[in-house]
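This report concerns only the one structure given below.
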Ligand code: S3P
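Residue numbers (the working numbering): 4 to 430.
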C-alpha cells in the first residue's frame with residue numbers, strides 16, 4: 004500500500020487517537036496471569052496487539068470482545084496450554100520480550116518467533132537476566148536472535164543492572180520476578196516507561212520504585228480489574244507536530260495518555276517554542292491522561308539527549324520532521340537504541356528526509372538537523388517501519404508537490420485509523 008499526500012492548508016478541529024500500544028499489550032498480558040476477569044476499555048486493536056492476543060489465546064487464555072470491552076479470563080502461567088508450534092510475536096518487540104519474561108514462570112517448554120524485522124532485533128538483553136533467574140533458553144538459529152526455545156519454572160529473584168534503558172527488558176524481568184522465589188531488584192541507567200509497574204500495583208501486586216531501582220516481591224498473585232486505555236501519545240505526536248508546522252492550525256486531541264515517562268515529546272516541543280497546552284488532567288488505573296490543545300507555532304532548534312531520550316524514544320522520527328521546519332540546529336544525541344527498533348530509525352529518517360531536501364546528517368548516536376527547510380515532495384520509503392511511514396506522510400503534508408510513501412501497510416502495526424483521522428482534521 005502506497006500513500007500519496009499533498010500539501011495541506013490547515014489542521015483544525017477535535018479528534019481522538021486509539022488506545023496506547025504499550026498499555027494495551029500489558030493489559031492483555033497482566034490480565035492473562037491475574038485471577039478472575041479483566042475488562043479492558045479502549046484496547047488498541049492494531050497488528051502488534053493482535054500478535055499479543057494470538058499468543059495468549061494459543062496458551063489457552065480466553066479473550067473475547069463485547070461491545071467496547073475486551074474481556075480476559077486469567078490463568079496461572081503454570082496452567083498455560085502446551086503449544087507445539089512457535090508462538091509468533093509478528094513485528095512486536097514488546098510481545099516477544101515481555102512474553103519471554105512472563106513464560107519463564109511456566110514449567111512447559113515454548114518456542115518463539117517473529118517476522119523478518121523482529122528476527123533481527125537483539126534478544127540477549129532479555130535472555131541474559133532470565134537465564135540468571137533460572138530459565139533454560141536456547142537460540143535456535145543465531146545467537147541473540149529469534150527463534151528462541153525457552154523452558155522456565157523454579158525462578159529465583161536476582162539483582163540486575165540493565166545495560167540499556169529499556170522498558171521492555173525491565174518489564175520482562177518484572178514479569179519473571181513476580182513468579183520467582185525471593186525479591187528481584189532491577190536498576191535502570193535511565194528511567195523508562197513504567198506502565199508495567201503501575202498496572203501490577205493496580206491489580207493488587209507489589210512493585211516498589213526507589214529512585215532508579217525497582218523492587219519486585221516474588222510469588223505474587225494478582226487480581227483482574229477494569230482498565231481504561233488512554234489514547235497513545237506516540238500516535239498523537241504525529242498530529243501534534245502537523246498542527247504545529249501548518250500555519251493557522253488549532254487542534255484538540257482528547258484523552259491522551261500523559262504518563263510522565265512518556266511526555267518527553269511535549270516537553271521537547273515546548274522547549275522548541277510550541278504552543279501546546281494540556282487541559283483537564285485525569286487519572287484512570289494509575290495512568291494520567293487528558294486533552295492536548297495545539298496551535299501552530301514558530302519552532303526553534305534544540306538539543307535532545309540524556310534522560311530525555313527514553314521519554315520520547317518512539318517520537319524521534321516525527322521530531323526530526325519538526326526539526327526540519329524549525330529555525331536553527333537540532334541535535335539528537337545518546338539515541339543509539341534507535342538503531343535496533345523496527346528499522347534503524349536514524350538511517351531511515353536521515354535517508355528519507357534527505358530525499359525531500361532536509362539538511363540532516365547521521366551521527367554515531369543520533370542526528371543533526373539544520374532548519375528551516377522547504378521540503379519538496381518525492382517518493383520515499385517506509386523501511387517497513389510504521390513510525391517512519393507516518394512521519395514521512397506528515398513531512399509530505401508540508402512539502403511542495405506530491406509525496407508518495409511506499410509500502411505503508413506497516414501503519415497498521417500501531418495506528419490503523421491514521422489516514423482516516425488525518426483526512427478528518429486537515430483541509
Ligand atoms: C516499549 C518500550 C520501548 C518502545 C517500544 C514499546 C514498551 O522499547 O520503543 O515501542 O511497550 O515497553 P524499549 O524498551 O526497548 O526501549
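In this text, a Cβ means the ideal position worked out from N, Cα and C, and glycines have one as well.
Nearest candidate by alpha-carbon position, reference residue i, set the options
i: residue 136; options: 166, 91, 100 and 187; result: 187
i: residue 167; options: 117, 126 and 110; result: 126
i: residue 76; options: 70, 59 and 91; result: 59
i: residue 489; options: 73, 194, 371 and 88; result: Nothing can be reported for residue 489: it is not among the residues displayed for the chain, which extend from 4 to 430.
i: residue 369; options: 325, 319 and 408; result: 319
i: residue 108; options: 327, 133 and 296; result: 133
i: residue 91; options: 116, 82, 102 and 81; result: 116
i: residue 391; options: 426, 113 and 316; result: 316
i: residue 10; options: 245, 298 and 263; result: 245
i: residue 296; options: 302, 290 and 269; result: 269
i: residue 174; options: 111, 203 and 157; result: 203
i: residue 420; options: 382, 239, 131 and 249; result: 239
i: residue 114; options: 96, 149 and 241; result: 149
Outcome for residue i when other beta-carbon atoms lying within 10 angstroms are tallied against a minimum of 16
i: residue 93; result: buried
i: residue 100; result: buried
i: residue 68; result: exposed
i: residue 399; result: buried
i: residue 404; result: exposed
i: residue 55; result: buried
i: residue 139; result: exposed
i: residue 160; result: buried
i: residue 27; result: buried
i: residue 164; result: exposed
i: residue 372; result: buried
i: residue 263; result: exposed
i: residue 180; result: buried
i: residue 119; result: exposed
i: residue 65; result: exposed
i: residue 208; result: buried
i: residue 141; result: exposed
i: residue 293; result: buried
i: residue 185; result: exposed
i: residue 233; result: buried
i: residue 130; result: buried
CA-to-CA distance, residue j to residue i, given in whole angstroms
i: residue 406; j: residue 143; result: 42 angstroms
i: residue 106; j: residue 192; result: 25 angstroms
i: residue 340; j: residue 98; result: 18 angstroms
i: residue 352; j: residue 377; result: 17 angstroms
i: residue 337; j: residue 84; result: 42 angstroms
i: residue 375; j: residue 79; result: 55 angstroms
i: residue 393; j: residue 62; result: 33 angstroms
i: residue 366; j: residue 380; result: 25 angstroms
i: residue 190; j: residue 71; result: 38 angstroms
i: residue 8; j: residue 396; result: 7 angstroms
i: residue 265; j: residue 199; result: 13 angstroms
i: residue 104; j: residue 48; result: 23 angstroms
i: residue 247; j: residue 4; result: 28 angstroms
i: residue 211; j: residue 430; result: 48 angstroms
i: residue 280; j: residue 323; result: 21 angstroms
i: residue 423; j: residue 321; result: 19 angstroms
i: residue 6; j: residue 89; result: 33 angstroms
i: residue 243; j: residue 151; result: 39 angstroms
i: residue 330; j: residue 301; result: 8 angstroms
i: residue 195; j: residue 170; result: 5 angstroms
i: residue 267; j: residue 46; result: 23 angstroms
i: residue 81; j: residue 51; result: 25 angstroms
i: residue 12; j: residue 425; result: 13 angstroms
i: residue 258; j: residue 177; result: 28 angstroms
i: residue 157; j: residue 299; result: 56 angstroms
i: residue 124; j: residue 260; result: 27 angstroms
i: residue 291; j: residue 328; result: 31 angstroms
i: residue 408; j: residue 401; result: 14 angstroms
i: residue 122; j: residue 128; result: 14 angstroms
i: residue 205; j: residue 278; result: 34 angstroms
i: residue 102; j: residue 325; result: 35 angstroms
At least three beta-carbon pairs within less than 8 angstroms, the region 300-312 to the region 344-356 | no
Spell out a yes or no on whether the region 226-233 and the region 38-45 are touching, meaning 3 or more CB-CB pairs, one atom from each, closer than 8 angstroms.
-> yes
Should the region 413-423 be regarded as contacting the region 357-377, the criterion being three or more beta carbon pairs within less than 8 angstroms?
-> no
Counting pairs of Cβ atoms below 8 angstroms between the region 216-226 and the region 9-20, do you hit three or more?
-> no
When the Cβ atoms of the region 329-345 are set against those of the region 373-386, are three or more pairs found closer than 8 angstroms?
-> yes
Touching by the beta-carbon criterion (3+ pairs, under 8 angstroms), the region 278-288 and the region 323-338 = no
Three CB pairs or more closer than 8 angstroms across the region 253-265 and the region 4-18 | yes
Assess, as a yes-or-no matter, whether the region 264-282 is touched by the region 299-307 under the definition of 3 or more beta carbon pairs within less than 8 angstroms.
-> yes
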